[in-house]
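2 protein chains.
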Amino acid sequence: MDEDNSLASGALIEDNPGEIGELDGVLGFHIRLAHGAVYRHFSETFAGLGLTQKQVSVLWLVADLPGIAQIELGSRLQMDRATTMTIVNRLQERGYLRRERSESDGRKQSLYLTEAGEGALVEAKGCISQHEAWLKSRFSEEEIEKLVEMLARIHE
Amino acid sequence: MDEDNSLASGALIEDNPGEIGELDGVLGFHIRLAHGAVYRHFSETFAGLGLTQKQVSVLWLVADLPGIAQIELGSRLQMDRATTMTIVNRLQERGYLRRERSESDGRKQSLYLTEAGEGALVEAKGCISQHEAWLKSRFSEEEIEKLVEMLARIHE
DNA sequence: CCTATTTGTTAGTAAAGCATACAATTTGGC
DNA sequence: GCCAAATTGTATGCTTTACTAACAAATAGG
């Protein structure tokens, strides 16, 4: 069959802008060692809600920026338009999100949370709190701050 | 279509045994923050070689344990038999790996590196060195040790 | 006003990973 | 020694994810 040279562009850092520093919101971390020894902690936190991390991210972002356009949403979460479509579609089908044509620009869809969507986000944030409690049971506040600070340094 | 409740079992920790502590071999790390702000560094290190991390892991493991059975290899890298098959197949097609029926157990395939496979692994290790140099340009040795130590604590 | 760009949408594609089914082999109870 | 059960490898097909390409509607700019 085909080869699986499926790795990305080879760029060492693939990141996005945004603010670091809020302890509030650490979802997990993940280190790869060589030899396949993958040590990680992933918050599969949202499994109980039937939500993926990406979906929660979308809800969260729409809550922060009501009326955000799909293209802007996708860009902030590093998804292309097609991928954004499928995620927004599913959230809409579940009744968590609604679309409206933007008045100022008829090409754009303005996204808003429904009440159900707000409820789901509240639940998701509850899951994050649980996860953070777990994190804090293992690491001191200084350690986590140090970790976040180190991450910030990656992007300098 | 179907829902995308594709998350794993909900287990908070999904890990594997193995030794931590060798600075030698840190391939990258990756922290997820809420709200979709994903800060990470992944070593797309092997892209230039046309190898994925999993493939390198397989080569590495076979080099360490010549004659290892597919099932054992897959288990150590947390892949099921089918996934292991495809990866081993591709590496074999490229001439990096060869299979032999185990003499002691006719069900098993014993895996060995070819010379080409050893060469590829050497190259891959070179890439890791480069990556580590990058890491060390940003973090002190104590910081990395601290990081690895923190990871170890996750699994206690 | 006409062309180029942007945005959303759909459809098709490729890769990763999994479950299932099956064959060959080994193991264990009798 | 014999037969059922378990193990291992293999092939097939499915699901999920994410991408590209093609297209339509709307906007922007000369």
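From first to last, the protein sequence lines stand for chains X and S.
Residue numbers for the first sequence follow numbering that gives the first Met the number 0, beginning at 0 and rising by one.
Residue numbers for the second sequence follow numbering that gives the first Met the number 0, beginning at 0 and rising by one.
Here a beta-carbon is modelled for each residue, glycine too, at the ideal position from N, C-alpha and C.
- Between X:V121 and X:V87, the CB-CB gap reaches or exceeds 8 Å.
- S:E99 places its beta carbon less than 8 Å from that of S:Q108.
- Using a Cβ-Cβ cut-off of 8 Å, S:M149 counts as an interface residue toward chain X, since at least one Cβ of chain X sits closer than that to its own.
- Under the three-state reduction of DSSP output, X:L110 falls in the strand class.
- Spanning the alpha carbons of S:W133 and S:A123 requires a straight line of approximately 15 Å.
- For S:E142, the chain X residues whose Cβ falls inside 7 Å of its Cβ are M149, in order along the chain.
- Here DSSP, grouped into helix, strand and coil, assigns X:L96 to strand.
- A distance below 8 Å separates the beta carbons of S:E142 and X:M149.
- Looking from the CA of S:Y111, the closest CA among S:P65, S:G125, S:Q69, S:Q52 belongs to S:P65.
- Relative to the Cα of X:Q52, the nearest Cα in the group X:S139, X:A119, X:S136, X:V147 belongs to X:A119.
- Identification of residues in the stretch 118-142 of chain S having a C-beta nearer than 7 Å to some C-beta of chain X yields I127, W133, R137, F138, E142, given in sequence order.
- Residue burial is scored here from C-beta neighbours: X:E131 has at least 16 other C-beta atoms within 10 angstroms and is therefore classed as buried.
- Cα atoms of S:D63 and X:A68: separation of roughly 52 Å, rounded to the nearest angstrom.
- Taking 8 Å as the CB threshold, X:R152 lines the interface with chain S.
- S:A68 has S:S109 as its beta-bridge partners, per DSSP.
- One Cα belongs to X:R106, the other to X:R93, and the distance between them is close to 24 Å.
- Membership of S:D63 in the alpha helix (DSSP H) is indicated by the continuous run 52-63.
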